[in-house]
Ligand SMILES: Nc1ncnc2c1ncn2[C@@H]1O[C@H](COP(=O)(O)OP(=O)(O)OP(=O)(O)O)[C@@H](O)[C@H]1O
Ligand SMILES: [Mg+2]
């Protein structure tokens, strides 16, 4: 993204003059105090909002030039873990995770096994049939991660994916994201957890008051 600014009607300059590049296959943290603009930056990346100024490319495509169908295609290659999970309470854990498969219309034989495999991978193999409300914060977060990766996204955007769990579980969740990254998915994690930043040595895009203060070396763009 190049010289991006984001203004909301109620608040101008939520992001200001932000330029950065996340290389395909890379792993980046987005850091900064509460209100610095981390979630807003991720919303740009999943095409949830448009920049007020500047140029935004996702998968090398200028997002201003995308038709509705092309935007849908870009979104289908993204996985998002929302800060507030956004699980569907009246569906089971299994159905929450399987939902993107149904929505994408790519249902295939073997999906059932894959959903169960993924639930095991995030340590929720025994919880497939329960409702999200019966889960702890950390377990919900793992459902959200499983749902975000079920379609094998090219880019995973995770907003405070370890925000509601203690450091130990946070590190386990990060290891899941690392595994995914090793399989080729580009991963961007917004966090203000000092423990994670200390433990995992990935470049950080640091935001202060809506501006980038220090981008990871190889991720920085002029
Ligand atoms: N739709 C909106 N309208 C007006 N102001 C907004 C809107 N969305 C975000 N903001 C403001 O923009 C700033 C950045 O918000 P953002 O959610 O990106 O911060 P954040 O870094 O994710 O914070 P946190 O760590 O608390 O999640 C905040 O001051 C917030 O109040
Ligand atoms: Mg946020």
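In the numbering used here, the protein residues as written are 15 to 236.
All C-beta atoms, glycine included, are put in the ideal place defined by N, C-alpha and C.
Treat the numbers as computed from the prediction; the structure is a model and nothing was measured.
At the level of alpha carbons, what is the spacing between residue i and residue j?
i	j	result
residue 51	residue 223	7 Å
residue 47	residue 221	8 Å
residue 127	residue 19	44 Å
residue 31	residue 176	28 Å
residue 99	residue 79	30 Å
residue 64	residue 112	29 Å
residue 211	residue 57	22 Å
residue 186	residue 193	11 Å
residue 129	residue 95	17 Å
residue 205	residue 45	5 Å
residue 183	residue 149	15 Å
residue 164	residue 132	8 Å
residue 171	residue 203	6 Å
residue 86	residue 61	10 Å
residue 97	residue 179	12 Å
Return the first residue and the last residue of the alpha helix (DSSP H) that residue i is part of.
i	result
residue 181	181–196
residue 125	125–135
residue 212	208–213
residue 200	Segment 200–204 is the beta strand (DSSP E) holding residue 200; no alpha helix (DSSP H) there.
residue 54	52–59
residue 111	107–117
residue 155	151–163
Here's the rule: buried if 16 or more other CB atoms are within 10 angstroms of the residue's CB, otherwise exposed. What is residue i?
i	result
residue 134	exposed
residue 84	exposed
residue 167	buried
residue 104	exposed
residue 116	exposed
residue 155	buried
residue 207	buried
residue 231	Below a pLDDT of 50, predicted positions are generally treated as unreliable, and residue 231, at 44, falls in that range; no measurement from the model is reported.
residue 235	Summary for residue 235: the model assigns pLDDT 40, below 50, so the residue's position carries little reliability, and this model does not support an answer.
Give a single yes or no on whether residue i has its beta carbon closer than 8 Å to a heavy atom of ligand 2.
i	result
residue 48	yes
residue 176	no
residue 155	no
residue 158	no
residue 204	yes
residue 85	no
residue 17	no
Does DSSP put residue i in a helix, a strand or coil?
i	result
residue 68	strand
residue 90	helix
residue 101	coil
residue 173	strand
residue 83	helix
residue 225	strand
residue 145	coil
residue 75	strand
residue 234	Here the model assigns residue 234 a pLDDT of 39, short of 50, so the residue's position is not dependable and the matter cannot be decided.
Following a CB-centred definition, is residue i positioned closer than 8 Å to any heavy atom of ligand 1?
i	result
residue 137	no
residue 200	no
residue 25	yes
residue 28	yes
residue 40	no
Looking at the unbroken beta strand (DSSP E) that takes in residue i, where does it start and where does it end?
i	result
residue 20	16–22
residue 43	41–45
residue 218	218–222
residue 25	25–32
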